[in-house]
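Q:
Numbering (this note's numbering), first residue to last: 1 to 385.
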């Protein structure tokens with residue numbers, strides 16, 4: 001067993017209606033003025049106003065920045081940081097999916113330490129604690145409420161940069177399944193598979209540990225047993241709560257075990273073609289898992305059991321059974337089957353592969369990978385199976 005370390009440096013509250021605890025958490029941070037970072041959709045829905053009313057009722061002042069987009073940009077981070085500075089707030093609340101959380105983490109760095117977020121790309125470059133942050137996820141997918149990463153698109157390079165630091169982990173996370181009821185089915189499917197990919201890649205990573213394995217296995221159990229119900233009916237609060245918890249456990253798992261080729265390859269797809277992150281992951285997952293089968297240490301059978309609910313004897317299991325189950329799950333959830341279907345062009349395979357090879361996730365993928373291998377995997381992902 002490799003040497004490993006871990007810590008769980010935050011407070012997580014889960015349960016129906018727990019959003020009402022938001023003012024209490026702001027006060028625990030010693031703040032009386034909060035800054036909400038969210039997106040235009042949640043703003044139109046009135047959820048941002050709901051949070052502001054809760055805060056106002058507890059005599060907490062608030063401001064909001066609601067311009068975050070999918071695959072948020074360096075420019076959006078700059079705008080959010082400047083708006084926070086002007087507000088005079090003392091803490092941030094990230095409300096939404098992974099995009100607002102990525103922006104809040106990145107803006108929290110700039111407010112404390114200045115510069116551009118591009119200067120913090122990679123690991124070990126955040127000097128210390130960032131602006132105190134509370135994360136309130138409204139999708140079950142990214143796990144960003146518990147992760148040490150912020151992923152931001154640098155449009156000047158058509159590149160998704162990653163900032164990694166345990167200082168980015170929010171101090172509090174509120175997991176309220178009532179916030180998931182209005183998620184469209186296609187978004188629920190893409191985000192749900194994204195969470196599943198987090199768990200799978202952490203579980204088979206060469207950096208996995210008994211701690212990350214425990215988190216990944218629980219995530220797979222919850223997601224595998226509930227993703228179909230949740231996509232079918234987001235008002236199924238039991239399934240929604242399970243998906244939120246599963247996404248959270250998967251986020252903890254990959255914060256300590258990293259990910260793999262799926263995420264390394266999906267980031268260039270999103271950066272260059274604006275494909276939603278979860279959709280790109282879902283399309284690439286079966287192709288990459290087929291490639292990684294050669295390095296399987298018996299974990300494919302366990303993953304297969306969690307996803308299908310079927311227990312297969314060791315001598316009867318073949319890794320191909322898992323890749324077929326993943327393809328079938330994508331079909332059930334209505335996810336496109338190939339990169340071609342989502343508008344990705346084969347003419348940029350070499351450029352995408354070069355970008356993918358810059359990711360640290362390639363280094364912990366269970367099967368060694370060179371650029372020619374990534375190019376081959378992209379080509380396979382252009383074809384329906």
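Note that beta-carbon positions come from the ideal geometry of N, C-alpha and C, so glycine has one too.
Once DSSP output is grouped into helix, strand and coil, what is the label at residue 35?
A: Here residue 35 sits in strand by DSSP.
Q: With a cut-off of 8 Å on the beta carbons, I'd call residue 54 and residue 100 a contact; round off their distance for me.
A: About 17 Å separates the two Cβ atoms, so there is no contact after all.
Q: For residue 371, does the three-state DSSP call read helix, strand or coil?
A: helix
Q: Measuring CB to CB, does residue 139 end up less than 9 Å from residue 97?
A: yes
Q: Please classify residue 387 as buried or exposed, where buried requires at least 16 neighbouring CB atoms within 10 angstroms.
A: This structure gives no information on residue 387, because the portion of the chain shown stretches from 1 to 385.
Q: Which of the three DSSP states is assigned to residue 164 in this structure?
A: strand
Q: Residue 192 and residue 131 look like a contact to me (Cβ under 8 Å); what is the Cβ gap, rounded to whole Å?
A: 30 Å between Cβ atoms; not a contact.
Q: Taking the alpha-carbon positions, what's the residue 233 to residue 185 distance?
A: Taking the straight line joining both Cα atoms gives about 8 Å.
Q: In terms of alpha-carbon separation, which member of 280, 294, 333 and 162 lies closest to residue 74?
A: 162
Q: If I measure Cβ to Cβ from residue 319 and keep anything under 6 Å in the same chain, skipping five residues before and after, which residues do I get?
A: 293, 296 and 300
Q: Assign residue 166 to one of two classes, buried (16 or more other C-beta atoms within 10 Å of its C-beta) or exposed (fewer than that).
A: exposed
Q: Kindly indicate which three-state DSSP category residue 259 falls into: helix, strand or coil?
A: coil
Q: Go through the stretch 281–359 residue by residue and report every complete run of the alpha helix (DSSP H) that reaches 4 residues or more, in order.
A: Runs of the alpha helix (DSSP H) inside the stretch 281–359: 299–308, 319–333 and 349–356.
Q: Quick check: the stretch 64–84 against the stretch 28–40, are there 3 or more CB pairs under 8 Å?
A: yes
Q: Should the stretch 205–214 be called in touch with the stretch 264–277, which here means at least 3 C-beta pairs below 8 Å?
A: no
Q: Using a Cβ-Cβ cutoff of less than 6 Å, which residues in the same chain neighbour residue 31 once the five nearest sequence positions on both sides are dropped?
A: So the qualifying residues of the chain are 90 and 91.
Q: Label residue 364 either buried or exposed according to how many other C-beta atoms from any shown protein chain fall within 10 Å of its C-beta, with 16 as the threshold for buried.
A: buried
Q: Pairs of beta-carbons, one from the stretch 143–163 and one from the stretch 210–218, closer than 8 Å: are there three or more?
A: no
Q: For residue 249, I'd like the list of residues in its chain whose CB is within less than 6 Å of its CB, leaving aside the five on either flank, ordered along the chain.
A: Only 215, 218 and 219 meet the Cβ criterion.
Q: What does a CB cutoff of less than 6 Å around residue 18 pick up in its chain, not counting 5 residues either side in sequence?
A: The answer, listed in chain order, is 174 and 176.
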